[in-house]
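In mature numbering (1 follows the signal peptide of the UniProt record, and there is no 0), the protein residues as written are -17 to -1, 1 to 792. Virtual Cβ for every residue (Gly too), placed ideally from N, Cα, C.
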């Protein structure tokens, strides 16, 4: 059946007329690539419009499916003079135009009416690009919401990100890692306004230039930055109302004058939400199915998360060849979480024996400051370039928490109370340095190489005290201090070559890892240390073949070996209580996960991409659950292996002049084999997911959107997550001479995006849960773009890659 479908897709290209592709590159007179230039293809006979395109950040553009004939190229840009080419002929072979250079002038896009826009999804040889502003429903939201709507991505109940069913995704910001745990990364992304984000790049098999970390691949979030001359930028203000209010506001600008470009990206956010979580646990006599006791717990969790994010920097164009840059980034994200747990304990006769109430307020502040120094030098006009990046990053987290457990008897009479108070400071210092070199070859290929080194030092203190009659007494059972140091040294080679119809890119990365952990002792626990050193090679390969000269049909193949290292704090061996019945701890014996990922794809007219995938991972790191008596212990562990395979399809369809549809669907099997605490886990299950996004371009500046998602039952290690789905809708109106936009959107319209599931393969026990979240939110957003591309007279008044994704502060 698969072979028949493939042959059917393959054969259709013989029925199509021969067409060609026109490609080229647009730059300024300093040979700096120009992003956002509008390319218009016109018939030379009468200047009739044929097709349009927009240049990428590297200045490249493509015009596909062009019939033979005589044409002209017209190019318009914000601050450069309009360009009109001489007539040229297009035959049945692809045509590559020579470099086009635009001269500076007063011409702007005000002279050109552009009705097109970048699509929601773009497919490239090694990545999928999501254009954030293309969706109305992204307005007034945050980066985490944007990821959740992106094709192929999903968010787990614990905040982890899955890519096509696989866990182990590493998140980058502007090609630099975030160095955060799943919880802290989730909170950070919720504090990052979607209005600050330009694109989301999804790379299942990243090139060798990127760190090898991330079993499922890399997600690179690119923030907005402009290099247009003059003073310009944008403002976004939003207010959202669910059960609780939320706000996401952002401001970005750049000022380009002479050899300097100053830029900034700021956001201030407040996200208030709740979670209503119910857990059922049932216990059995050892090695039987005879019921012995039960436990039910309802937790109401109210979260208030603030976000203050800033990125400022400048580029200095010292010459046509040399550019120097400095980037400062930082954030202060305070949060307050109130948790109220009410639990009932049942005996073998299903009678209530006791009641427990736990109240746990937590105040946490996560701070970050970093500096990046970068330098790029173009060695000659052929594209040879040497670049360097040096980064220093500091994280500081302060957490103050109290846990009050009150015990009542079956008649709800007070029995006893305990109070546990904790202070949990964390400091993380990261330094990285890397050098990259690009060398185009005379034969048309391109060679890249580079080296990188990184040093990470973390210090974690867990200071617990019992509070009795208002006085604090040290609790040495939970108190601990853990230090961790890591050094990774890497080098890579990458080669790319475009033949007549075949494009090949191959890479090899070497990484040397050295780690040391030190658990400091106390009156009850002795000191302990561990060290690990290992070397690994990580090959990557991409191939793309055009079955016809017009690239109507493209075949693609990619392969990569990846690694997932444990989060730093996950190797801290101590346990601490989340409530009276649940403890969380680390695991010093965690080993890295290694995976092999394969993808085979077919693309039709750049609109429909069908992908077959296969992945096998060994020593998969995942949260595990063990029951001892009436207490559940949750900690990270290594599964035996995970095998994932399936098919995904992404299609973009223009159903009418005013109606476009992007439809993504996947059908994937996840299988796990492991032995956990004496219990064998050997299970696999297919799931199906679909994400339709309808966009409607209406008259007089109005637009609308109707989208949603649905996923069937999903297997994730010991967790079985039941079907889940949602619908979202939005409308927008351009105002203020198209410089401003008002957008109104509603997420989870029917309030169906609620999670429930089972925890399986637990010795002598079973558990399930149901979680209500504050997911139905109405958001009103106002955005404004100011003085874009115009110089104002202002009055003068005076390589760090994968390490960030593993911080667990």
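- [ ] Give the single residue among 64, 149, 290 and 33 whose Cα lies nearest to the Cα of residue 597.
- [x] The option with the nearest alpha carbon to residue 597 is 149.
TODO: Return the chain-ordered ranges of every beta strand (DSSP E) run that is complete within the segment 10 to 96 and spans a minimum of 3 residues.
DONE: Correct list: 21 to 26, 32 to 37, 43 to 49, 52 to 59, 71 to 73 and 83 to 85.
Open item on the list: Among 733, 561 and 335, whose alpha-carbon lies nearest the alpha-carbon of residue 341?
Closed with: Looking only at 733, 561 and 335, the smallest Cα-Cα distance to residue 341 is reached by 561.
Open item on the list: DSSP three-state label for residue 119, please.
Closed with: Correct three-state label for residue 119: helix.
- [ ] Could you tell me if residue 685 is buried or exposed, where buried requires 16 or more neighbouring beta carbons within 10 angstroms of its beta carbon?
- [x] With fewer than 16 Cβ atoms within 10 Å of its Cβ, residue 685 is classed as exposed.
Open item on the list: Taking the straight line between their C-alpha atoms, what separation do you get for residue 669 and residue 465?
Closed with: Between residue 669 and residue 465, the C-alpha separation is close to 41 angstroms.
- [ ] Please name the residue, chosen from 76, 161 and 386, that lies closest to residue 49 on a Cα-to-Cα basis.
- [x] When only C-alpha atoms are compared, the closest one is 76.
Open item on the list: For the beta strand (DSSP E) containing residue 495, name the first residue and the last one.
Closed with: From DSSP, the beta strand (DSSP E) with residue 495 extends over 485 to 503.
Open item on the list: Check whether the segment 694 to 706 and the segment 655 to 668 touch, using three or more Cβ-Cβ pairs below 8 angstroms as the test.
Closed with: Yes: the two stretches touch, three or more of their Cβ pairs being nearer than 8 angstroms.
- [ ] Within the same chain, show all residues whose beta-carbon is closer than 7 angstroms to that of residue 2, passing over the 5 residues directly before and after it, in chain order.
- [x] Closer than 7 angstroms at the Cβ level, and outside the excluded window around residue 2, lie 48, 49, 50 and 533.
Task: Residue range of the beta strand (DSSP E) that includes residue 335 - done: 335 to 361 is the span of the beta strand (DSSP E), which, as asked, contains residue 335.
- [ ] Please state if the CB of residue 716 and the CB of residue 123 are separated by a distance shorter than 8 angstroms.
- [x] For the pair residue 123 and residue 716, the CB atoms are not nearer than the 8 angstroms cut-off.
Open item on the list: Per the DSSP calculation, residue 794 is bridged to which residue(s)?
Closed with: In this structure the chain extends from -17 to 792, so residue 794 is not present and cannot be described.
Open item on the list: Applying the 10 Å Cβ sphere with the 16-neighbour rule, what's the burial state of residue 804?
Closed with: Absent from the model: residue 804. The displayed extent of the chain is -17 to 792, so no value can be given.
- [ ] Determine the direct distance from the alpha carbon of residue 181 to that of residue 10, and round the result to whole angstroms.
- [x] Taking the straight line joining both Cα atoms gives about 21 angstroms.
Task: Spatial distance of residue 570 from residue 554 (CA atoms) - done: The straight-line gap from Cα to Cα measures roughly 5 angstroms.
Task: Nearest residue (CA-CA) to residue 524, options 478, 501, 537 and 564 - done: Looking at the Cα atoms, 478 is the closest of the given residues.
Open item on the list: Checking the sheet assignment: what are the DSSP bridge partners for residue 723?
Closed with: 718 and 767.
Task: CA-to-CA distance, residue 521 to residue 544, given in whole angstroms - done: Their Cα atoms are separated by approximately 5 angstroms.
Open item on the list: Please identify the residue among 130, 250 and 178 whose C-alpha is closest to the C-alpha of residue 203.
Closed with: That would be 130, whose Cα lies nearest to the Cα of residue 203.
- [ ] Taking residue 367 as the reference, give the member of 305, 408 and 385 with the closest Cα.
- [x] The option with the nearest alpha carbon to residue 367 is 305.
- [ ] Would you kindly work out how many angstroms separate the C-alpha atoms of residue 172 and residue 248, rounded to a whole number?
- [x] Between residue 172 and residue 248, the C-alpha separation is close to 15 angstroms.
Open item on the list: Helix, strand or coil, according to DSSP, for residue 701 in the structure here?
Closed with: Residue state for residue 701 is assigned as coil, using DSSP reduced to three classes.
Open item on the list: Between the alpha carbons of residue 154 and residue 336, how many angstroms are there, rounded?
Closed with: So the two alpha carbons sit approximately 47 angstroms from each other.
TODO: Measure the beta-carbon distance from residue 292 to residue 219 and round it to whole angstroms, keeping in mind my assumption that it falls under 8 angstroms.
DONE: About 13 angstroms separates the two Cβ atoms, so there is no contact after all.
- [ ] Go ahead and pull the three-state DSSP assignment for residue 321.
- [x] Strand.
TODO: Confirm, please, whether the CB-CB distance from residue 609 to residue 594 is below 8 angstroms.
DONE: Not a contact, by the Cβ cut-off of 8 angstroms.
TODO: Jot down the residue ranges of each uninterrupted beta strand (DSSP E) in the segment 167 to 191, minimum 3 residues, whole runs only, in chain order.
DONE: With a minimum length of 3 residues, the continuous beta strand (DSSP E) runs that stay inside the segment 167 to 191 are 180 to 186.
TODO: Report yes or no: do the segment 349 to 357 and the segment 309 to 321 share at least 3 C-beta pairs separated by less than 8 angstroms?
DONE: Enough Cβ pairs lie closer than 8 angstroms, so yes.
- [ ] Use the C-beta contact count for residue 506: other C-beta atoms within 10 angstroms, 16 or more gives buried, fewer gives exposed.
- [x] Flag for residue 506 reads exposed.
Task: the segment 415 to 432 contacting the segment 379 to 388, beta-carbon criterion three pairs below 8 angstroms - done: Contact fails: fewer than three Cβ-Cβ distances are below 8 angstroms.
Task: Same chain, Cβ closer than 8 angstroms to residue 94, neighbours up to 5 away in sequence not counted - done: Low confidence applies here, because residue 94 scores a pLDDT of 35, under 50, leaving its location unreliable; read the following figure in that light. Closer than 8 angstroms at the Cβ level, and outside the excluded window around residue 94, lie 59 and 65.
Open item on the list: Measuring alpha carbon to alpha carbon, tell me which residue in 55, 37 and 8 is nearest residue 31.
Closed with: Checking every option, the nearest Cα to that of residue 31 belongs to 55.
- [ ] Out of 484, 487 and 407, point me to the one whose CA is closest to residue 448's CA.
- [x] Measuring from the Cα of residue 448, the nearest candidate turns out to be 407.
- [ ] Going by CA-CA distance only, name the one from 590, 492, 752 and 502 that's closest to residue 461.
- [x] Ranking the options by Cα distance to residue 461, first place goes to 502.
Task: Helix, strand or coil at residue 402 according to DSSP, with G and I counted as helix - done: Judged by DSSP in its simplified three-state form, residue 402 adopts strand.
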